[in-house]
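Please read the structure below before turning to the comments.
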Amino acid sequence: MTVDAHFHIWRRDDLPWLSGPMQPRIFGPYEPNRRDYLIKEYLLDIAGQGVEAAVCIQANWPAGRAEEEVAWVSSEAERTGWPQAIVGSGDLTREGARDAVASLARNRRLRGIRQQLNWHENPLYRFAARPDLCLDPVLQRNVASLGERGLVFELQVFTPQMEGAAALADAAPLTTLVLQHAGMPEGLSEEGMDR
1 MTVDAHFHIW RRDDLPWLSG PMQPRIFGPY EPNRRDYLIK EYLLDIAGQG VEAAVCIQAN
61 WPAGRAEEEV AWVSSEAERT GWPQAIVGSG DLTREGARDA VASLARNRRL RGIRQQLNWH
121 ENPLYRFAAR PDLCLDPVLQ RNVASLGERG LVFELQVFTP QMEGAAALAD AAPLTTLVLQ
181 HAGMPEGLSE EGMDR
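This is the structure:
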């Protein structure tokens with residue numbers, strides 16, 4: 001079975017980072033994405049490619065709206081049959097994160113949580129508050145608790161953070177960690193891709 005393990009759908013108005021002022025992004029210019037990208041278009045894009053199932057990954061809705069995003073994606077799945085699985089968002093650095101995850105996990109399509117831990121010296125490319133977040137004991141406990149629920153943790157870090165990511169994996173042996181974007185390139189330049 002061919003599974004698209006990482007795709008996004010979005011409504012532009014739900015994403016301030018997409019609908020707000022343009023900013024330099026590590027993934028380059030994103031003007032073409034400043035519009036709705038819905039499941040209907042995704043299905044057209046994968047037509048004829050042999051994809052039989054797909055996992056929709058959270059698309060950075062504003063903090064506090066993780067349940068709303070999962071509910072919307074799930075409603076699309078009810079309507080169209082796609083996606084078959086969802087990875088939601090959550091701030092696993094908070095002590096109360098387990099309750100938030102439990103609430104998200106009531107959705108039968110939820111398969112995991114993604115928290116972008118990538119830290120970069122350029123603040124515009126930074127998703128985490130500090131470079132060593134993988135070593136945070138609260139984060140480690142919360143990531144470990146995902147495995148107890150049968151959920152995966154979608155890990156997004158830059159190359160200099162890989163040692164910390166390994167420590168996070170050691171601290172959460174029952175949780176499957178999915179390394180996103182092949183370790184997250186640090187830019188579109190040759191040097192950025194090489195890192």
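Residues in the sequence shown are numbered from 1 upward in steps of one, following full-length UniProt numbering.
Where a beta carbon is used, it is the ideal one built from N, C-alpha and C, also for glycine.
Integer Cβ distance of tyrosine 42 from isoleucine 86, believed to fall under 8 Å: Actually they do not touch by this definition, with Cβ atoms about 14 Å apart.
Beta strand (DSSP E) segment containing glycine 88, residue limits: Judged by DSSP secondary structure, glycine 88 falls within the beta strand (DSSP E) whose first and last residues are 85-89.
The alpha helix (DSSP H) that contains glutamine 140, what's its start and end? 137-148
Give the DSSP bridge partners of cysteine 56, in chain order. DSSP lists Phe7 and Ile86 as partners of cysteine 56.
Please work out which residues of its chain come closer than 7 Å, Cβ to Cβ, to asparagine 33, disregarding the five sequence neighbours upstream and downstream, and give them in chain order. Leu18
Does histidine 42 come out as helix, strand or coil in the three-state DSSP assignment? For clarity, residue 42 is tyrosine in the given sequence; the question names histidine instead. Secondary structure at tyrosine 42: helix, using DSSP grouped into helix, strand and coil.
Would you call threonine 175 buried or exposed, if buried means 16 or more other Cβ atoms sit within 10 Å of its Cβ? Buried, since its Cβ has 16 or more Cβ neighbours within 10 Å.
Might you give, ordered along the chain, the residues of its own chain that have their beta carbon closer than 7 Å to the beta carbon of alanine 169, omitting 5 neighbours on each side? Leu177
Helix or strand or just coil, what does DSSP make of residue 197? Nothing in the structure corresponds to residue 197, since the chain is present only between 1 and 195.
Under the three-state reduction of DSSP, which class applies to tyrosine 30: helix, strand or coil? Tyrosine 30 falls in the coil class under three-state DSSP.
For aspartate 136 and residue 196, believed in contact at Cβ under 8 Å, the rounded distance: Nothing can be reported for residue 196, as the shown portion of the chain is limited to 1 through 195.
Looking only at its own chain, which residues have a Cβ that is under 6 Å from the Cβ of isoleucine 39, when we skip the five neighbours before and after it? Ile9, Glu76, Thr80 and Trp82
In DSSP terms, what glutamate 69 is bridged to: DSSP lists no bridge partner for glutamate 69.
Starting from valine 178 and walking both ways along the beta strand (DSSP E), at which residues does that stretch end? 177-179
Rounded to a whole number of angstroms, what is the C-alpha to C-alpha distance between aspartate 103 and glutamine 116? Contrary to the premise, residue 103 reads as serine rather than aspartate in this sequence. Looking at the two C-alpha atoms, the distance is approximately 20 Å.
Excluding sequence positions up to five away, which residues of its chain have a Cβ less than 6 Å from the Cβ of aspartate 36? Arg11 and Arg12
On the DSSP letters alone, give me the boundaries of the beta strand (DSSP E) that valine 152 sits inside. From DSSP, the beta strand (DSSP E) with valine 152 extends over 152-156.
Assuming contact is defined by CB atoms lying nearer than 8 Å, are isoleucine 46 and histidine 6 in contact in what I supplied? no
The beta strand (DSSP E) spanning arginine 111 covers which residue range? 110-116
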